[in-house]
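Visitor:
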Amino acid sequence: AEQLPAGRLRSEAVVADPDDGRFAFHGDTTWQGSTSAGPDGYVGAWQLLPVPPGRWQVGVVLSDSAGRRGNGTTVRGVPVADPDRPGLQLGDLILGREESGIAWRRFGEQVPLNPTGAWRREEAAVLTLEVVGAVSGDSYGVAIAVRRLDDPADRTRLRIEESLTAERDRFLVQRRVALQQLEPGDYLVEVTITPADGGAAVVRARALPVRDGVVSPES
Numbered sequence: 016a017e018q019l020p021a022g023r024l025r026s027e028a029v030v031a032d033p034d035d036g037r038f039a040f041h042g043d044t045t046w047q048g049s050t051s052a053g054p055d056g057y058v059g060a061w062q063l064l065p066v067p068p069g070r071w072q073v074g075v076v077l078s079d080s081a082g083r084r085g086n087g088t089t090v091r092g093v094p095v096a097d098p099d100r101p102g103l104q105l106g107d108l109i110l111g112r113e114e115s116g117i118a119w120r121r122f123g124e125q126v127p128l129n130p131t132g133a134w135r136r137e138e139a140a141v142l143t144l145e146v147v148g149a150v151s152g153d154s155y156g157v158a159i160a161v162r163r164l165d166d167p168a169d170r171t172r173l174r175i176e177e178s179l180t181a182e183r184d185r186f187l188v189q190r191r192v193a194l195q196q197l198e199p200g201d202y203l204v205e206v207t208i209t210p211a212d213g214g215a216a217v218v219r220a221r222a223l224p225v226r227d228g229v230v231s232p233e234s
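Be aware that the sequence shown starts at 16, since it is given in our numbering, and climbs by one per residue.
#1: Name, in chain order, the residues that DSSP records as bridge partners for Phe186.
#2: Measure how close the beta-carbons of Pro130 and Glu113 come, nearest whole angstrom, since I'm counting them as under 8 Å.
#3: What residue ranges within the segment 91-127 form continuous beta strand (DSSP E) runs of no fewer than 3 residues, ordered along the chain?
#4: Is it the case that the Cβ atoms of Val147 and Pro98 are separated by a distance below 8 Å?
#5: Are there 16 or more other CB atoms within 10 angstroms of the CB of Arg70, so buried, or fewer, so exposed?
#6: Below 8 Å between beta carbons: does that hold for Arg219 and Val141?
#7: Looking only at DSSP bridge pairs, what is Arg136 linked to?
#8: How long is the line joining the alpha carbons of Arg136 and Pro224, rounded to whole angstroms?
#9: Which same chain residues end up closer than 6 Å to Arg174 when comparing Cβ atoms and leaving out the 5 residues on each side of it in sequence?
#10: Which residues in the same chain as Ser26 place their Cβ atom closer than 6 Å to its Cβ, once the five residues preceding and following it in sequence are excluded?
#11: Measuring only the C-alpha atoms, how far is Ala16 from Gly116?
#12: Could you tell me how far apart the beta carbons of Gln125 and Ala118 are, in whole angstroms, since I believe they sit closer than 8 Å?
#13: Beta-carbon separation of Leu103 and Thr143 under 8 Å?
#14: With 16 as the cutoff for other CB atoms within 10 Å, does Ala96 come out buried or exposed?
#15: Give the straight-line distance between the Cα atoms of Gln196 and Ala31, rounded to the nearest whole angstrom.
#16: Short of 8 Å in beta carbon distance, which residues of its chain neighbour Arg170, apart from the five on each side in sequence? Order them along the chain.
#17: Look at the Cβ atom of Glu177, then the Cβ atom of Val157, and state whether they are nearer than 8 Å.
#18: With a cut-off of 8 Å on the beta carbons, I'd call Asp312 and Asp227 a contact; round off their distance for me.
#19: Give me the residue from Gly200, Phe40, Asn86, Asp165 with the minimum Cα distance to Pro68.
#20: If we ignore side chains and look at the alpha-carbon of each, how far apart do Ala149 and Gly111 end up?
#21: In the structure shown, what three-state DSSP assignment does Glu27 receive?
#22: Ser151 lies in the beta strand (DSSP E); which residues open and close that run?
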């Protein structure tokens, strides 16, 4: 990673419609860094962006205050559910690591994050998903499937199934998935929420890189 010095850091975030280029958000933020990340370390942070319902492309650049050194990333297809729209919806699937030390709170619950984008085999991935438009008192099936991306047979390497009862129309589903049985490699984790009354299922998926040893933003 590009080593950034201690001091003031600048982040620029752009949220746009991938089809027509319409901006939903564009802003700069200045951070006060207390220490340098070092050549093999990283500094993690999160930022809450005011974005309306839709499906967005999110770009973030972090640099020193002069803009001479830094790095950036783009995330495509980020869903933001519309609570005013009828029907079952899901927010974005968040995969976190408890060991990252970075989390935010949603509905009073801790949501672990993972700025490295990878997991060690001895760790667990914490899956968090916001369900919107549920019917209070109704039952929903939850299925979590993990497949290896380079497997031509597309075999499921890990599967968890359960059911839950909605206590409100908007809530979090959070599950801790141990990774010890997975060999190092690149996986896809897919979460499916299915109404027990036969309604249409809704699916979210996210890449899950599993590594041996230390993980870093380049993993």
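Virtual Cβ for every residue (Gly too), placed ideally from N, Cα, C.
Please read all numbers here as calculations on a predicted model, not as lab measurements.
Guide: Inspection of the coordinates gives the following:
#1: Mapped onto the sequence shown, residue 186 falls at position 171. Bridge partners of Phe186: Val146.
#2: The residue you call residue 130 lines up with position 115 of the sequence shown. The residue you call residue 113 lines up with position 98 of the sequence shown. Contact doesn't hold; Cβ gap of about 13 Å is too wide.
#3: 109-111, 118-121, 124-127
#4: Here residue 147 refers to the residue found at position 132 when the sequence shown is read from its first residue. Here residue 98 refers to the residue found at position 83 when the sequence shown is read from its first residue. Yes, the pair counts as a contact, with Cβ atoms nearer than the cut-off.
#5: The count along the sequence shown starts at 1 and reaches residue 70 at position 55. That one is exposed.
#6: Working through the sequence shown from its first residue, we reach residue 219 at position 204. Working through the sequence shown from its first residue, we reach residue 141 at position 126. In this structure, Val141 does not lie closer than 8 Å to Arg219 by Cβ.
#7: As a working note, residue 136 is residue 121 in the sequence shown. Answer is none; Arg136 lacks a bridge partner.
#8: Taking the sequence shown and counting its residues from 1, the one referred to as residue 136 is at position 121. Taking the sequence shown and counting its residues from 1, the one referred to as residue 224 is at position 209. Cα to Cα, the separation comes out at about 10 Å.
#9: As a position in the sequence shown, residue 174 is number 159, starting the count at 1. Taken in chain order, the residues that qualify are Ala160.
#10: Within the sequence shown, the letter at position 11 stands for residue 26. For Ser26, where only same-chain residues beyond five positions count, the Cβ hits under 6 Å are Thr44, Leu77.
#11: Position 1 of the sequence shown, counting from 1, holds the residue named residue 16. Position 101 of the sequence shown, counting from 1, holds the residue named residue 116. Any reading at Ala16 needs caution, since the residue's pLDDT is 40, under 50, leaving its predicted position unreliable; the model's value is listed next. Their backbone Cα atoms lie some 19 Å apart in a straight line.
#12: Along the sequence shown, one-based indexing puts residue 125 at 110. Along the sequence shown, one-based indexing puts residue 118 at 103. Confirmed, Cβ separation roughly 5 Å.
#13: Within the sequence shown, the letter at position 88 stands for residue 103. Within the sequence shown, the letter at position 128 stands for residue 143. Going by C-beta atoms, Leu103 is not nearer than 8 Å to Thr143.
#14: Here residue 96 refers to the residue found at position 81 when the sequence shown is read from its first residue. With 16 or more other Cβ atoms within 10 Å, it is buried.
#15: Along the sequence shown, one-based indexing puts residue 196 at 181. Along the sequence shown, one-based indexing puts residue 31 at 16. Gln196 and Ala31: Cα-Cα distance of roughly 39 Å.
#16: Sequence index remark: in the sequence shown, residue 170 carries index 155 (1-based). If we look at Arg170 and ignore the five residues flanking it on each side, its Cβ neighbours are Arg162, Arg163.
#17: Taking the first residue of the sequence shown as 1, we reach residue 177 at position 162. Taking the first residue of the sequence shown as 1, we reach residue 157 at position 142. Their beta carbons are under 8 Å apart, which means Glu177 touches Val157 by this criterion.
#18: The question about residue 312 has no answer here: the residues shown for the chain are numbered 16 through 234.
#19: Numbered from its first residue, the sequence shown carries residue 68 at position 53. The shortest Cα separation from Pro68 among Gly200, Phe40, Asn86, Asp165 belongs to Phe40.
#20: Taking the sequence shown and counting its residues from 1, one reaches residue 149 at position 134. Taking the sequence shown and counting its residues from 1, one reaches residue 111 at position 96. Going by the C-alpha atoms only, they are around 24 Å apart.
#21: Position 12 of the sequence shown, counted from the start, is the residue given in the question as residue 27. Three-state DSSP puts Glu27 in a strand.
#22: Position 136 of the sequence shown, counting from 1, holds the residue named residue 151. Note, Ser151: premise wrong, no beta strand (DSSP E); not H, not E.
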